[in-house]
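Protein chains: 2
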Amino acid sequence: MQFSNLTPEQLEKASAILKAISHPVRLAIMNFLEDGKMLTVTQLHEMLKIEQSTTSHHLGILKDKGILSSKREGKNTYYFIRDKNLFTIVDCVGKCACT
Amino acid sequence: MQFSNLTPEQLEKASAILKAISHPVRLAIMNFLEDGKMLTVTQLHEMLKIEQSTTSHHLGILKDKGILSSKREGKNTYYFIRDKNLFTIVDCVGKCACT
DNA sequence: CTTAAATATGCAAATATAGGAATATATTGG
DNA sequence: CCAATATATTCCTATATTTGCATATTTAAG
Chain Y
27 MQFSNLTPEQ LEKASAILKA ISHPVRLAIM NFLEDGKMLT VTQLHEMLKI
77 EQSTTSHHLG ILKDKGILSS KREGKNTYYF IRDKNLFTIV DCVGKCACT
Chain B
27 MQFSNLTPEQ LEKASAILKA ISHPVRLAIM NFLEDGKMLT VTQLHEMLKI
77 EQSTTSHHLG ILKDKGILSS KREGKNTYYF IRDKNLFTIV DCVGKCACT
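These protein sequence lines are chains Y and B, in that order. In my numbering, each residue carries its 1-based index in the first sequence increased by 26. In my numbering, each residue carries its 1-based index in the second sequence increased by 26.
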């Protein structure tokens, strides 16, 4: 493949990022964390009303792709958005979804 | 599921849009069409150096999700980005991919 | 009508993803 | 160490996606 102004590597990277957040649950998580908030697995699991393991899976995916970071504090693990650039995408997507 | 400020429907819609463009080939297509250009299946198929049918499939997905529109002119079908709002996302994603 | 070019579609195999039950691990308090 | 809470992981099944070959459809030209 050959590209206009993005290299194949950049395309792979960009699509990996998009793919990671292209899921209703993960988008909801991003939305909850949008303004820089930090939330635990249990908090998200309760807010989303989905299984704890499912929540953990999704958080794992987001962390694995470098979208989220986590910070352990005692028994809790707080998750938060790693790169503030992503706020823009989430915001932008949110707007597009309202059209 | 319950959400902060996006309804479940909006989340579904947003993730459907994101999912549609979350693929290296489709992102490359979006990138080629980014500035409002119109390109045919054959042009894209040659630019991307992938099979004609694969190209058509990807274009079909993007059209099906409302991302692209097409316009037939003789034997050719020109594809173009339907909603200019998407330029912003593609642009934004492109930037994020360069970090 | 026939041919060729451009595009679309049906199908199948390989691969990837999603979700949840059960279980494992980690951490704190007693 | 033991119990309880929080989180992560394993395993399994169902479902979706990707790709390309073969074929169909559409359109223009002769």
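Even for Gly, the Cβ is constructed at its ideal location relative to N, Cα and C. Since the model is a prediction, treat every value here as computed from it, not as a measurement.
**Prompt:** What's the gap between the Cα of LEU70 (chain Y) and the Cα of ILE55 (chain Y)?
**Reply:** 7 Å
**Request:** Sort out for me which residues DSSP pairs PHE106 (chain Y) with in a bridge.
**Result:** Y:SER95
**Message:** Give me, in chain order, the residues of the same chain whose beta-carbon lies closer than 7 Å to that of MET73 (chain B); leave out the 5 immediate sequence neighbours on both sides.
**Reply:** Excluding five sequence positions before and after MET73 (chain B), the CB atoms of its chain that fall closer than 7 Å to its own CB belong to PHE58, given in chain order.
**Prompt:** Under 7 Å between C-beta atoms, does THR33 (chain B) make it to chain Y?
**Reply:** no
**Request:** Kindly list, in the order they appear in chain Y, the residues whose Cβ is closer than 7 Å to that of ALA47 (chain B).
**Result:** Looking at the sequence itself, residue 47 (chain B) is Ile, so the reference to Ala does not match. The answer, in chain order, is LEU44.
**Prompt:** Hey, how far is the Cα of THR103 (chain B) from the Cα of LEU85 (chain B)?
**Reply:** 11 Å
**Request:** For SER41 (chain B), go through chain Y and note every residue whose CB falls closer than 7 Å to its CB, in chain order.
**Result:** SER48, HIS49, PRO50, LEU53
**Request:** Go ahead and pull the three-state DSSP assignment for LEU32 (chain Y).
**Result:** coil
**Prompt:** Are the C-beta atoms of THR66 (chain Y) and some chain B residue less than 7 Å apart?
**Reply:** For THR66 (chain Y), the closest Cβ of chain B is not nearer than 7 Å.
**Message:** When you compare the segment 102-119 of chain Y with the segment 30-39 of chain Y, are there three or more beta-carbon pairs, one atom per stretch, that lie closer than 8 Å?
**Reply:** no
**Asked** Using a Cβ-Cβ cut-off of 6 Å (strictly less than) and excluding sequence neighbours within five positions of THR81 (chain Y), which residues of its own chain qualify?
**Response** VAL67, LEU70, HIS71
**Message:** Along the segment 107-118 of chain Y, where does the CB come closer than 8 Å to a CB of chain B? Name the residues.
**Reply:** ASP109, ASN111, LEU112, THR114, ILE115, CYS118
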